[in-house]
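Working notes for the structure below.
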Amino acid sequence: MKKFLALFAFIVFFSSCSEYQKALKSEDIAVKFDMATKMYDAKKYGKAIRLFEQIAPAYKGKPQAEKMFYMYSQSLYKTNQFYLAGYQFESFASSYPKSEKIEEALFLGAKCFSKLSPVYSLDQVDTYKAIEKLQNFIDVYPESQYLADANAIAKALREKLEKKAYENAKIYNTISNYKAAIVAFDNFIINYPGTPYKEDALFYKLDSAYNLAINSVPSKMEERLKEAKAAYAGLIKHKADTKYKAKADEMLARIDTDLKQFTK
């Protein structure tokens, strides 16, 4: 019995493969469409894509085109081909503005760009594009079933940009470009007032101001020491029990000592 079932399964599998190969070679686009639909329903998206690619140009304007292009877009999405999927979903939405699938297509199209967003240390062009597309979707469909997901994805992308901005500012401190660091941290705090990196940003601004001051020429030292002292006050005002308190207090002690030479 087991041998019979195994043989039967092999025959079915071989027959299915044979039918698929015939569809690939067929000149009849209806045959290709039916097989592509069969592969799509069976979640064999890679095979479905090969057929969709063959018939897509010929199906534009036909009654079944909407269904075909939706399945094609979904197949690309399911196989993680996010660049092509995003393009196809947007093309679908543009071609079929009255489709019942348009809301889903616009959401998934925007989501595809979020999938293309790289790690924060790299160029964030695709991240900005994704945020823009997600925000457009949210504005058009404020009561969408996909709203929570769209907001969550957009939030994660904005947090990535926030981290990049913080790390970019910190790089100036690391390479001892203290003037640029102070400006970068000021801009960061202004642009991201509620950031979880605020304590760190205020400390490294202090560190930058401190190092700039103690290494200054005499004519600029007093002014810069006072600016460093103001940076210390900003950190303590934000968080009196900051994790950087010990280091910050050491800096303040040096700042106050160096300032005394200007009060004689």
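Numbering (this note's numbering), first residue to last: 6 to 269. Ideal Cβ positions, reconstructed from N, Cα and C, are used throughout, including at glycine. In this text the structure is predicted, and so the values were computed from the model without any measurement.
- LEU211 sits away from LEU230, with the two beta carbons spaced by 7 Å or more.
- Between PRO223 and the set PHE38, LYS250, ASP263 and TYR92, the nearest pair of CA atoms involves ASP263.
- When Cβ pairs closer than 8 Å are counted between the two stretches, the segment 140-154 is seen not to touch the segment 178-197, the count staying below three.
- The straight-line gap separating the alpha-carbon atoms of MET40 and GLU32 is approximately 13 Å.
- When rounded, the separation of the alpha-carbon atoms in MET76 and TYR25 is 17 Å.
- About 19 Å separates the Cβ atoms of GLU71 and TYR50, ruling out a contact at the 8 Å cut-off.
- Excluding its 5 nearest sequence neighbours in each direction, LEU207 has C-beta neighbours in its own chain below 6 Å: GLY239, LEU240 and HIS243, listed in chain order.
- Where GLN59 is concerned, the enclosing alpha helix (DSSP H) starts and stops at 50-64.
- Considering only GLU108, ILE260 and LYS30, the residue with the shortest C-alpha distance to TYR151 is GLU108.
- Measuring C-alpha to C-alpha distances from ALA110 to each of PHE118, ASP154, GLU95 and ARG55 identifies GLU95 as the nearest.
- Separation of LEU166 and ASP154 (C-alpha to C-alpha, rounded to the nearest whole angstrom) is 19 Å.
- Of the candidates LYS65, LYS265 and LEU89, LEU89 places its Cα closest to the Cα of ILE54.
- Per DSSP, reduced to three states, the secondary structure at GLU227 is helical.
- In the three-state scheme derived from DSSP, where H, G and I count as helix and E and B as strand, ALA47 is classed as coil.
- Within its own chain, the residues whose Cβ lies closer than 6 Å to the Cβ of MET44, once the five positions on either side in sequence are excluded, are LYS52 and ALA53, listed in chain order.
- If you draw a straight line from the Cα of THR132 to the Cα of LEU113, it comes to about 15 Å.
- With distances taken between CA atoms, SER99 lies nearest to PHE74 out of LEU121, PHE74 and ASN85.
- Distance from the CA of TYR202 to the CA of ALA63, rounded to the nearest whole angstrom, comes to 54 Å.
- Less than 7 Å divides the Cβ of ALA233 from the Cβ of ALA218.
- Taken through DSSP and simplified to helix, strand or coil, GLU105 comes out as coil.
- The Cβ atoms of ASN173 and SER213 lie no closer than 7 Å to each other.
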